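Some notes on the structure that comes next.
Number of protein chains: 2
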Amino acid sequence: MLDKIQMQMLTEVADLHGVPEGAYNIRVNGEKAGRNTTANIDIATKTDGKSGIDIRIKPGTKNESVHIPVVLSESGIKETVYNDFYIGEDSDVVIVAGCGIHNCGNQDSQHDGVHRFFVGKNAKIRYVEKHYGEGDGSGKRILNPVTEVYQEAGSYVDMEMVQIKGVDNTHRITRAELAEGATMIVHERLMTHGEQVATSVYEVALNGEGSSTDVISRSVAKDTSEQVFEAAIVGNSVCSGHAECDAIIMDKAHVVAVPKLDARNVDAALIHEAAIGKIAGDQLIKLMSLGLTEAEAEEQIIGGFLR
Amino acid sequence: MLDKIQMQMLTEVADLHGVPEGAYNIRVNGEKAGRNTTANIDIATKTDGKSGIDIRIKPGTKNESVHIPVVLSESGIKETVYNDFYIGEDSDVVIVAGCGIHNCGNQDSQHDGVHRFFVGKNAKIRYVEKHYGEGDGSGKRILNPVTEVYQEAGSYVDMEMVQIKGVDNTHRITRAELAEGATMIVHERLMTHGEQVATSVYEVALNGEGSSTDVISRSVAKDTSEQVFEAAIVGNSVCSGHAECDAIIMDKAHVVAVPKLDARNVDAALIHEAAIGKIAGDQLIKLMSLGLTEAEAEEQIIGGFLR
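First to last, the protein sequences are chains A and B.
Position one of the first sequence corresponds to residue 1 (full-length UniProt numbering), numbered consecutively onward.
Position one of the second sequence corresponds to residue 1 (full-length UniProt numbering), numbered consecutively onward.
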């Protein structure tokens, strides 16, 4: 049974208000707290000595979902978890991951998730990953996700990566290799505040003919927080890639954007755009003339920007 | 006296068809081949043991020019030259540098120019640097320019950096530091062919309030040539920065673009755009329907792109 804090963390990271439908694996404080498999989706604890699970989705599985939330509510836990997703050909599924850390103690809590996705031919997945931290302890809340995506021909991956609040330190690495006709869409939304530090690295290799990617990052950096965004798109074939990074900088924050376009084939078409700036003054004034305080107006604008 | 080949190189790198008007220093095969100073512009050989010259432009000097072309026509010369420009307040001058290498031998010829510009308050300079190589020897033509620019308040620097042909290996580094109200505009045009390798690095630090920069690179990579373009804009103040990199990739060439936006101040507004791709097919077809061969149509398009 989950306690109230743990349930709240589940809501934050997986929009869950109870046990989800379909397949799921809930991990709390380093232990399995619940699991369900279906006829098409199997979840098995790894037997090779590593901590983690193997998720196997049968070819042709449609309109099913897998939830694998992780909650840390004890201070001082440090874990590395390896989760592998084998997604069968022609399937169409939603995968919801995410980690919530509630740290009221003075020891750091850290969850490093290494996720690998083997996406079969013409399979389609939507992957949602939310990271959230809270708790007033002096211990840090640390999340270092590594995501590796191997896309077979014609597959389609849509990733939503969200870290809105409360994570003190994160170093995210996402690597993808796309075969012919494969598509990868990434929407990253990131907010840092206080003294938080966030580094986010994307490396997408467009190996197959007709492969394409669109990596879009929107971030807000408040207070004295620091953000580094690196996105490399490598075009090895007839392919198209687009990366976009828009950041709002506030207070004494520091934002660095380093995209990289690497065209190794005459038929690679790669585009990048980036913009860093503060909230436009006239937007603030307009909202304030409608009766909002400056702080409320800022919240409104940031909310819209990160939606 | 310059020989015919040397005169031709001068024409390529400095648009000179004879001895220029105004101040000049012509360097041929590691030796001074001519110098002229004016009432306002002094050129002196360095006395600190380093090879190179000091160019001093008096405050308020307007509508004058300095030409400092370098020609290497012997095979096997390798030199590093330090040239310092002291540009007085309120002056408005044109500086034309550039290096041409004619290498018919089997030894490499290399010119590494280290140029420093100390640009006084409200001074304005236009700097043109052309690099050119030719000759059918097996020796390489190598140019590694380092350009450092220190801009005082209100100064304006417009740089045109051109390397169109014949340079086998180049590693360009341009660094600038801008005080309040200073502006730096860079237009780089680069073409590589054969097995040439070109790396171009820009680092512009916007330190002063109201400083701004616009770094625009256009390049064409043919055959199996390789290009790396890195442009970092650091915003330390109320400032605005824009970098743009457009590259045409042809044949088996390889192009990498790595811009970097580094916003360290809430009032820094930084923007970057990059695009790498091949010549648009419909543009080619249109020109070919007007009677051009495919090669002629390509030349036409490249010429327009790099103009």
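Even for Gly, the Cβ is constructed at its ideal location relative to N, Cα and C.
Quick caveat, the model's predicted, so the values are computed rather than measured.
- Just so you know, the alpha carbons of B/Leu306 and A/Gln283 end up roughly 39 Å apart.
- In the structure shown, B/Lys286 falls within a helical segment according to DSSP collapsed to helix, strand and coil.
- Distance between A/Leu287 and A/Tyr82, taken at the CA atoms: about 46 Å.
- Around A/Glu244, the same chain offers Ile216 and Glu273 as residues with beta carbons nearer than 6 Å, after the five sequence neighbours per side are excluded.
- Of all C-beta pairs linking the region 45 to 56 of chain A to the region 1 to 17 of chain A, fewer than three are shorter than 8 Å, placing the two stretches out of contact.
- By the beta-carbon neighbour count (other beta carbons within 10 angstroms, threshold 16), B/Leu290 is exposed.
- Looking at the DSSP output, B/Asn83 bridges to B/Ile53 and B/His115.
- At a Cβ-Cβ threshold of 8 Å, B/Tyr150 and B/Val119 count as neighbours.
- In the three-state DSSP reduction, A/Thr11 falls in the helix class (H, G or I).
- By the Cβ rule, the region 246 to 262 of chain A counts as touching the region 217 to 236 of chain A, because three or more pairs are nearer than 8 Å.
- In this model, A/Val167 and B/Met191 are separated by some 46 Å (Cα to Cα).
- The C-beta of A/Arg218 comes no closer than 8 Å to any C-beta of chain B.
- Excluding sequence positions up to five before and after A/Thr183, its CB lies within less than 6 Å of the CB of Tyr156 and Ser212, all in the same chain and listed in chain order.
- The C-beta distance from A/Pro59 to A/Asp108 rounds to 42 Å, too long to meet the 8 Å contact threshold.
- Shown here, A/Leu261 sits in a strand according to DSSP, grouped into three states.
- Annotation: A/Gln163 to A/Val220 spans about 11 Å, alpha carbon to alpha carbon.
- Listed along chain B, the residues sitting closer than 9 Å to A/Ala257 by beta-carbon distance are Pro259, Lys260, Leu261, Asp262, Ala263, Leu270 and His272.
- Within chain B, the residues placing a beta-carbon under 8 Å from that of A/Val266 are Ile249, Met250, Asp251, Lys252, Ala253 and Lys278, ordered along the chain.
- For the region 273 to 307 of chain B, the residues whose beta carbon sits under 9 Å from a beta carbon of chain A are, in order, Glu273, Ala274, Ala275, Ile276, Gly277 and Lys278.
- Judged by DSSP in its simplified three-state form, B/Glu188 adopts strand.
- B/Phe229 has B/Ser200 and B/Ala257 as its beta-bridge partners, per DSSP.
- Of all alpha-carbon atoms in A/Glu180, A/Thr38, A/Glu188 and A/Met7, the one lying nearest the alpha-carbon of A/Thr174 is that of A/Glu188.
- According to the DSSP assignment, B/Gly277 belongs to no alpha helix (DSSP H) but to the beta strand (DSSP E) extending over Ala268 to Gly277.
- Taking the C-beta atoms as reference points, A/Ile125 is found nearer than 8 Å to A/Ile95.
- Taken through DSSP and simplified to helix, strand or coil, B/Lys121 comes out as coil.
- Residue pairing by DSSP places A/Asp42 opposite A/Arg56 in a beta bridge.
- From the listed residues B/Glu296, B/Gly34 and B/His171, the smallest Cα separation to B/Val66 is found for B/Gly34.
- In the displayed model, B/Leu143 falls within a strand according to three-state DSSP.
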